[in-house]
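> For what it's worth, this note's numbering labels the leading residue of the sequence shown as -18, then goes sequentially.
The structure is given below, and queries will be raised subsequently.
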Amino acid sequence: MTALPKAELHVHLEGTLEPEDMVRFAARNGVGLPWRSPEELRAAYAFTGLENFLSVYFQGCRVLCTREDFRELTVAYLQRAAGQGVRRAEMLFGPQAFLDRGIPIGEQVGGIVDGIDEVRETHGIDGALLVSAHRHRSEGDALELLELVRPWRERVLGIGLGGAERGNPPAKFARYFDAACAEGYRTTCHAGEEGPAAYVTEALDACHVERIDHGYAAAENPDLVARLADEQVTLTMCPLSNLRLHVTDDLTTYPLRRLLDAGVPVTVNSDDPAYFGGYVNENYQAVTDALDLTEAEVTTLVRNSFSGSFAHAEELRDVFEELCPKASDVSRCVGS
Ligand code: ADE
Ligand code: ZN
């Protein structure tokens, strides 16, 4: 598993903040936390659902204050990911919680791109930034966020949408995604995590997003599954996250193989690894164990991770050559 080159397409940078670092950053920045030690923090990670998790997650975000904090966070994640065979990491990051606390966008994005550039040099991992808005806020706030990141246009590859899903359908953000698309950003949207399959359809029809983050609920709707396969819409699934947030209570019934068999380009990702008990390889391992995935199925998953990435086909040629040694397979993988 570690040896296989892979891309991670769905990881929130804030969700990679390990308890030890949360305590360290809190002390460094003079931020009070309701937990005194990493052990107390880990004990608090018994979530009842997405909204309950998000309240802990946003408390964790409070310890990140300076450009250096964002750089260190990014470096720690990318180094760890590189150690798990990740060659390409597309990282979601939500500036709004930090803007609320008066932290300038330049400190946030500046620190992240410093980290990306540093680990590209030291470990050869290709990091990319996706800026994400919170759907429990207004669309006006999301449009304002797009304006704020404009000076960083060259360093922000894509735009996403996360946060509390129930009651906040994708269509609420149709203008945000239209504006992002008009500015040439790649687009992805959380849908069908706690929300219904209809939110996945809405993300495609009203927001025209290219990728769906999670998409778990889509599996219950055969017409939608057929559409995802037909249109080759990548789902960035996160098994350990879904388990820890009670989206599913048992990975042996996880719909990943059913979706794969139907031809949907499913991928495996970690979401918020510091909170959910595993980085990308632990997620591969958990579904492999639960579903008894074959080597060929795991190879399909890693291949999907590259073909579903927002990297240019040319950038992916080398890695596909490793994954598909036969020349005829390379062109199929790269899609050119
Ligand atoms: N932000 C961080 N993790 C998230 C998740 N699992 N769902 C929605 N928004 C998130
Ligand atoms: Zn997510």
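Idealized CB from N, CA, C, for every residue including glycine.
(1) Give the DSSP-derived three-state secondary structure of residue 222 in the structure shown.
(2) Verify whether the separation of the beta carbon atoms of residue -13 and residue 61 is less than 8 Å.
(3) State whether the segment 174 to 194 contacts the segment 131 to 149, with contact taken as three or more CB pairs (one from each stretch) at a distance under 8 Å.
(4) The alpha helix (DSSP H) that contains residue 28, what's its start and end?
(5) Is the closest heavy atom of the ligand ADE to the C-beta of residue 174 under 7 Å?
(6) Going by DSSP, which residues form a beta bridge with residue -13?
(7) Quick one, are the C-beta atoms of residue 45 and residue 51 less than 8 Å apart?
(8) Just checking residue 143 against the ligand ZN - is the residue's beta carbon closer than 7 Å to any of the ligand's heavy atoms?
(9) Buried or exposed for residue 18, going by 16 or more other Cβ atoms inside 10 Å?
(10) Buried or exposed for residue 276, please, with buried defined as at least 16 other CB atoms from any protein chain shown within 10 angstroms of its CB.
(11) Give me the Cα-Cα distance between residue 28 and residue 226, rounded to the nearest whole angstrom.
(12) Per DSSP, what are the beta-bridge partners of residue -7 in this structure?
(13) Between the alpha carbons of residue 84 and residue 72, how many angstroms are there, rounded?
(14) By the DSSP assignment, the beta strand (DSSP E) with residue 113 in it spans what residues?
(15) If you measure from the CB of residue -9, is any heavy atom of the ligand ZN nearer than 7 Å?
(16) Go to residue 272, then tell me how far its alpha helix (DSSP H) extends in each direction, as first and last residue.
(17) Do residue 230 and the ligand ZN come close, with the Cβ less than 7 Å from some heavy atom?
(18) Among 89, -2, 170, 290, which residue has its Cα nearest to the Cα of residue 132?
(19) Where DSSP assigns a beta bridge to residue 195, which residues make up the other side?
(20) Buried or exposed for residue 251, going by 16 or more other Cβ atoms inside 10 Å?
(21) Compute the beta-carbon to beta-carbon distance between residue 147 and residue 110, rounded to the nearest angstrom, for a pair I have assumed lies under 8 Å.
(22) Does DSSP classify residue 84 as helix, strand or coil?
(23) Mind checking who residue 216 pairs with in its DSSP beta bridge?
From the atom records:
(1) helix
(2) no
(3) yes
(4) Unbroken run through residue 28: none, as it is neither H nor E.
(5) yes
(6) 67
(7) yes
(8) yes
(9) exposed
(10) exposed
(11) 6 Å
(12) 73
(13) 20 Å
(14) 107 to 115
(15) yes
(16) 261 to 272
(17) no
(18) 89
(19) 172
(20) buried
(21) At roughly 27 Å, the Cβ-Cβ gap does not stay under 8 Å, so residue 147 and residue 110 are not in contact.
(22) coil
(23) 193, 247
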